[in-house]
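K.L.:
Have a look at this one.
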Amino acid sequence: MVAIYTEAYHIWSTELIEYGMVGRSLQVLFLSIDGAECHIYCRFNSEREGRRVNKILEKKQLSDDVYMMRLEAPHIARERQPGQFVILQLDNEFGERIPLTIADADLSDGSITIIFQAVGKTTHNLADKQPGDTVQSVLGPLGQPTHIEKFGTVVCVGGGIGVAPLHPIVKGMKAAGNKMIIIIGARTRNLIILEDEMRALADEFIVCTDDGSYGRKGLVTEPLKEVCGRVPKPDLAVAIGPPIMMKFCAATTLPFSVPTVVSLNTIMIDGTGMCGGCRVSVGDQTKFTCVDGPEFDGHKVDFNNLMQRLKAYRKVEEHAHHQCHLDSEIRQKEQSQS
Ligand code: FAD
Ligand code: FES
Ligand code: MG
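So for the sequence shown, the working numbering puts the first residue at 395; every next one is plus one.
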């Protein structure tokens, strides 16, 4: 086992860090086991005293496993732009840190909105929290904002939970005067989210389900291909969803030479360009998704490498997820007995 400890980064910006992180050092600890599995932990060197935490103001369940939460984070609410994200740490300094897109913000109460799917330990733990509970730290706004201008016709494609990060981009593109063609898709009807919100922004709206339980039966790439084949063709495509969906959306638009932006969901740890966990190959360059992205030219991304890297911690994640369900069952039993 190799352990390397570095303390090499200093937080300099009040805009970057919500609540009490300013002027403190970021510590990163790398632990590599046998070179095969690599666990990376990172924490801020912050005193606990006097540090504010972020209160959950509202929580709503949008579909089977998808939740919307509004969190108190006034600095981030003020600064955020479409395409940016936060990194949340739920409970303690060594807890896992997860990136989530800022779906919306409300300056009147200084809140940001996140929309997330409970897929593993940390997102399930977040889903268990209630209004009035707190999140230990919210870091952001992170990443490059979406490049928004009047392109002409923009086709936006969202798959599953990818519709949540797509929504603020659609709002921004619409406000810039673009004609919006929106295609959203999910495996089945009850996994469709934000349909009304997206429909309200669309000049043309298409919904697809893999099983045909709602809208068109089939994958989002089918209507995307039809839209790209029109004369005139769209000026830009934006696709956000599972990597496999983004890969095939980019492959669909390539023969039509429609520029295509994708938003990558790489594993992230520090979110500040230090750990290298989020690196991706784009064209002949290595990029860090957290600082150079999360949006990239979909025609240049090496999706196979991305998907391979996303699997790197699968065994550990499955174990943690299983343990989290056991813990929750034990808690429920204890509560019913008391
Ligand atoms: P785990 O069981 O630990 O992991 C499940 C899968 O999620 C993993 O196999 C891996 O593919 C991915 N993952 C795990 N840990 C991380 C990590 N630290 N960083 C990134 N991915 C990870 N999800 C949403 O539901 N809504 C969003 O708005 C959203 N926005 C994102 C924006 C960005 C820039 C990125 C990079 C990811 C975003 N994600 C979003 C994905 C979200 O971060 C993961 O679903 C979450 O980290 C899973 O954590 P877990 O412990 O619950 O699940
Ligand atoms: Fe560490 Fe991007 S998350 S470099
Ligand atoms: Mg996890």
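Heads up, the beta-carbon is just placed ideally off N, CA and C, and yes, glycines get one too.
Please name the residue or residues paired with THR680 in a DSSP beta bridge.
P.N.:
Along the sequence shown, read from residue 1 onward, the residue named residue 680 stands at position 286. Answer is SER675, bridged to THR680.
K.L.:
Return the bridge partner residues of GLN483 from the DSSP annotation.
P.N.:
Mapped onto the sequence shown, residue 483 falls at position 89. Answer by DSSP bridge pairing, in chain order: ARG491 and SER531.
K.L.:
Taking DSSP's pairing of strands, which residues face MET463 in a bridge?
P.N.:
Residue 463 sits at position 69 when you count from the first residue of the sequence shown. Beta-bridge pairing links MET463 to LYS453 and ILE508.
K.L.:
Let me know the beta strand (DSSP E) ranges lying completely inside the region 613 to 657, each 3 residues or longer, listed in chain order.
P.N.:
Complete beta strand (DSSP E) runs here, min 3: 630 to 634 and 654 to 657.
K.L.:
What does DSSP give as the partner residues of CYS550 in its beta bridges?
P.N.:
Taking the sequence shown and counting its residues from 1, the one referred to as residue 550 is at position 156. BP columns for CYS550 point to ILE576 and VAL632.
K.L.:
Answer yes or no: the CB of GLY537 versus the heavy atoms of ligand 1, is any distance below 7 Å?
P.N.:
Working through the sequence shown from its first residue, we reach residue 537 at position 143. Yes, since a heavy atom of ligand 1 falls inside the 7 Å radius drawn around the Cβ of GLY537.
K.L.:
Need the endpoints of the beta strand (DSSP E) that PHE599 sits in, please.
P.N.:
For the purposes of this step, residue 599 is taken as residue 205 along the sequence shown, with counting starting at 1. Note, PHE599: beta strand (DSSP E), 598 to 603.
K.L.:
What are the partner residues of ARG610, as DSSP defines its beta bridges?
P.N.:
Here residue 610 corresponds to residue number 216 of the sequence shown, with the count starting at 1. ARG610 is bridged to CYS602.
K.L.:
For GLU689, does the count of other Cβ atoms within 10 angstroms reach 16, so buried, or fall short, so exposed?
P.N.:
Counting from 1 along the sequence shown, the entry for residue 689 is found at position 295. With 16 or more other Cβ atoms within 10 Å, it is buried.
K.L.:
Using 8 Å as the cut-off, can you tell me whether the region 526 to 541 makes contact with the region 472 to 481, which would need three or more C-beta pairs spanning the two stretches below that distance?
P.N.:
The region 526 to 541 vs the region 472 to 481: in contact.
K.L.:
Please state the DSSP three-state secondary structure of ALA558.
P.N.:
As a working note, residue 558 is residue 164 in the sequence shown. Helix at ALA558.
K.L.:
Rounded C-beta distance between ILE506 and LEU465? I'm assuming under 8 Å.
P.N.:
Numbered from 1 along the sequence shown, position 112 holds the residue referred to as residue 506. Numbered from 1 along the sequence shown, position 71 holds the residue referred to as residue 465. Between LEU465 and ILE506 the Cβ distance is about 6 Å, and since that is below 8 Å, they are a contact.
K.L.:
Under 8 Å, Cβ to Cβ, is there at least one residue of chain B near MET463?
P.N.:
In the structure shown, chain B cannot be found, because there is only a single protein chain.
K.L.:
Any chance the region 604 to 611 sits against the region 659 to 670, with 3 or more Cβ pairs inside 8 Å?
P.N.:
With the cut-off at 8 Å, the region 604 to 611 and the region 659 to 670 do not touch.
K.L.:
Could you tell me the distance, in whole angstroms, from the CA atom of ILE577 to the CA atom of THR615?
P.N.:
The residue given as residue 577 occupies position 183 in the sequence shown. The residue given as residue 615 occupies position 221 in the sequence shown. Their Cα atoms are separated by approximately 9 Å.
K.L.:
Alpha carbon to alpha carbon, what distance is there between LYS681 and GLY635?
P.N.:
One-based indexing of the sequence shown puts residue 635 at position 241. One-based indexing of the sequence shown puts residue 681 at position 287. Cα to Cα, GLY635 sits roughly 20 Å from LYS681.
K.L.:
Rounded to whole angstroms, what is the Cα-Cα separation between ILE434 and ILE663?
P.N.:
In the sequence shown, the residue the question calls residue 434 occupies position 40. In the sequence shown, the residue the question calls residue 663 occupies position 269. Only weak support is given to the placement of ILE434: the predicted model assigns it a pLDDT of 38, under 50, and the value that follows is read from those uncertain coordinates. Going by the C-alpha atoms only, they are around 7 Å apart.
K.L.:
Measure from the alpha carbon of ILE752 to the alpha carbon of each residue in ASN572, CYS684, ILE575 and VAL601, then state which is nearest.
P.N.:
Beyond the ends of the chain as shown, which are 395 and 732, falls residue 752; an answer cannot be given.
K.L.:
To which residues of the same chain is GLY566 closer than 7 Å at the C-beta, ignoring the five residues directly before and after it?
P.N.:
As a working mapping, residue 566 is identified with position 172 in the sequence shown. Same-chain partners within the cutoff: PRO476, THR540 and ILE542.
K.L.:
Once the 5 residues before and after ASP458 are set aside, which same chain residues still bring their CB inside 8 Å of it?
P.N.:
Here the question's residue 458 lines up with position 64 in the sequence shown. Hits under 8 Å: ASN584 and LEU585.
K.L.:
From this set, ASP604, GLU620, ASP527 and ASP678, which residue's C-alpha is nearest ASP691's C-alpha?
P.N.:
As a first step, residue 691 is located in the sequence shown; it is residue number 297 there, counting from the start. Of the candidates ASP604, GLU620, ASP527 and ASP678, the one whose C-alpha sits nearest the C-alpha of ASP691 is ASP678.
K.L.:
Using a Cβ-Cβ cutoff of less than 6 Å, which residues in the same chain neighbour ILE509 once the five nearest sequence positions on both sides are dropped?
P.N.:
Your numbering for residue 509 matches position 115 in the sequence shown. Hits under 6 Å: MET462, ALA497 and ALA558.
K.L.:
Once you ignore the five residues that flank ALA521 on each side, which residues in its own chain have a CB closer than 7 Å to its CB?
P.N.:
Stepping through the sequence shown from its first residue, residue 521 is reached at position 127. TYR461 and ALA512, listed in sequence order.
K.L.:
Expressed to the nearest angstrom, what Euclidean distance is found between the alpha-carbon atoms of LEU378 and CYS684?
P.N.:
Only positions 395 to 732 of the chain appear in the structure, and residue 378 is not among them; the question remains open.
K.L.:
How about ALA633 and VAL656: are their beta carbons less than 8 Å apart?
P.N.:
The residue you call residue 633 lines up with position 239 of the sequence shown. The residue you call residue 656 lines up with position 262 of the sequence shown. In contact: ALA633 and VAL656 (Cβ atoms closer than 8 Å).
K.L.:
Please classify ARG708 as buried or exposed, where buried requires at least 16 other C-beta atoms within 10 Å of its C-beta.
P.N.:
In the sequence shown, the residue the question calls residue 708 occupies position 314. ARG708 should be labelled exposed.
K.L.:
Using only alpha-carbon positions, find the residue among ILE724, LYS515 and ALA499 that is nearest to ILE492.
P.N.:
Translated into positions along the sequence shown, residue 492 becomes position 98. With distances taken between Cα atoms, ILE492 lies closest to LYS515.
K.L.:
From the DSSP output, which residues share a beta bridge with VAL695?
P.N.:
Sequence index remark: in the sequence shown, residue 695 carries index 301 (1-based). Looking at the DSSP assignment, VAL695 forms a beta bridge with VAL676.
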